[in-house]
Amino acid sequence: MITVWRDRRTWSYSLLVAAVVMGAGGCGDESGSTAHAGGGGSTSAPTAREGGGPSSAHTPRSVPTEPTAPATPAGCPESGVRVTGEEPSAAMGLRAMTLTMVNCGSAPRTVTGYPGLRVLDADRAGLGVEIDPGAASITTTESLQAEPRPVTLRPGEQAVSVVVWRNTVTNAPGSAQNGLYLDIEPLPGQARQRIAVPGGIDLGNTGRLGIGPWHPRD
1 MITVWRDRRT WSYSLLVAAV VMGAGGCGDE SGSTAHAGGG GSTSAPTARE
51 GGGPSSAHTP RSVPTEPTAP ATPAGCPESG VRVTGEEPSA AMGLRAMTLT
101 MVNCGSAPRT VTGYPGLRVL DADRAGLGVE IDPGAASITT TESLQAEPRP
151 VTLRPGEQAV SVVVWRNTVT NAPGSAQNGL YLDIEPLPGQ ARQRIAVPGG
201 IDLGNTGRLG IGPWHPRD
């Protein structure tokens, strides 16, 4: 049996995003150090069916056949997970957006760490944006800097992560970066998923995007 990790202090991410935005006035400055992006967190997929070892089917001659993996439901990515994004919240130059990963497959999936992110412009070209796991260079919100922990998702369960950025412009006009899409690697080695961000990603000329770790949704 696979046990889903549930931290007693798991928060509602709707409240978290509101807390990040409302606390914008006291957030960290733009000159803080930026961590090197590490891409998506480490993951593992089970090799046996939940509740016991691999099953085997038998032919009329009682010859065992190889076990087969559960089929992935139609419309679900091959990775067995789907990522969506909510409309960003904004206040005092700080943006916060919730990403949701749902296990749309037929087997449990375990994720640890952060989503792998790339920012794309309207032409779907990559922007030179630095990804900051923990978002320490963008905000002092402690929940975003929590230690990543394994999250096991049974079919239909969800994990969430929060993306933050600032739209500060300090250089000459025309130097601001504006993204329209997030290119996301939910599980290392799996196909990336692209989502359009409502209102876009107005980074100013900060060149940074912060990301919090995956946590189970309340």
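Per UniProt numbering, numbering through the sequence shown is continuous, rising by one, with the last residue being 218.
C-beta: ideal position from N, C-alpha, C; glycine also.
- Closest Cα partner of GLN193 within the set SER106, ARG109, VAL119: VAL119
- Message: Considering just the uninterrupted stretch of the beta strand (DSSP E) at PRO150, what are its terminal residues?
- Response: Where PRO150 is concerned, there is no enclosing beta strand (DSSP E), given that its DSSP letter is neither H nor E.
- Along the chain, where does the beta strand (DSSP E) that runs through THR98 open and close? 94 to 103
- Bridge partners of SER161, per DSSP? LEU99
- Exposed or buried, which one is residue 219 when buried takes at least 16 other CB atoms within 10 Å? For residue 219 there is no data in the structure shown, the boundaries of the chain being 1 and 218.
- Message: Between the alpha carbons of GLN177 and GLY204, how many angstroms are there, rounded?
- Response: 5 Å
- Three-state secondary structure (DSSP) of GLU87: coil
- Task: Could you check what DSSP says for GLN145 in three-state terms: helix, strand or coil?
- Result: helix
- Can you tell which of ASN103, SER106, LEU99, ALA146 has its C-alpha closest to the C-alpha of ALA136? ALA146
- Message: I'd like the span of the beta strand (DSSP E) that includes ARG124, first residue to last.
- Response: Premise fails: ARG124 is in no beta strand (DSSP E) and is neither H nor E.
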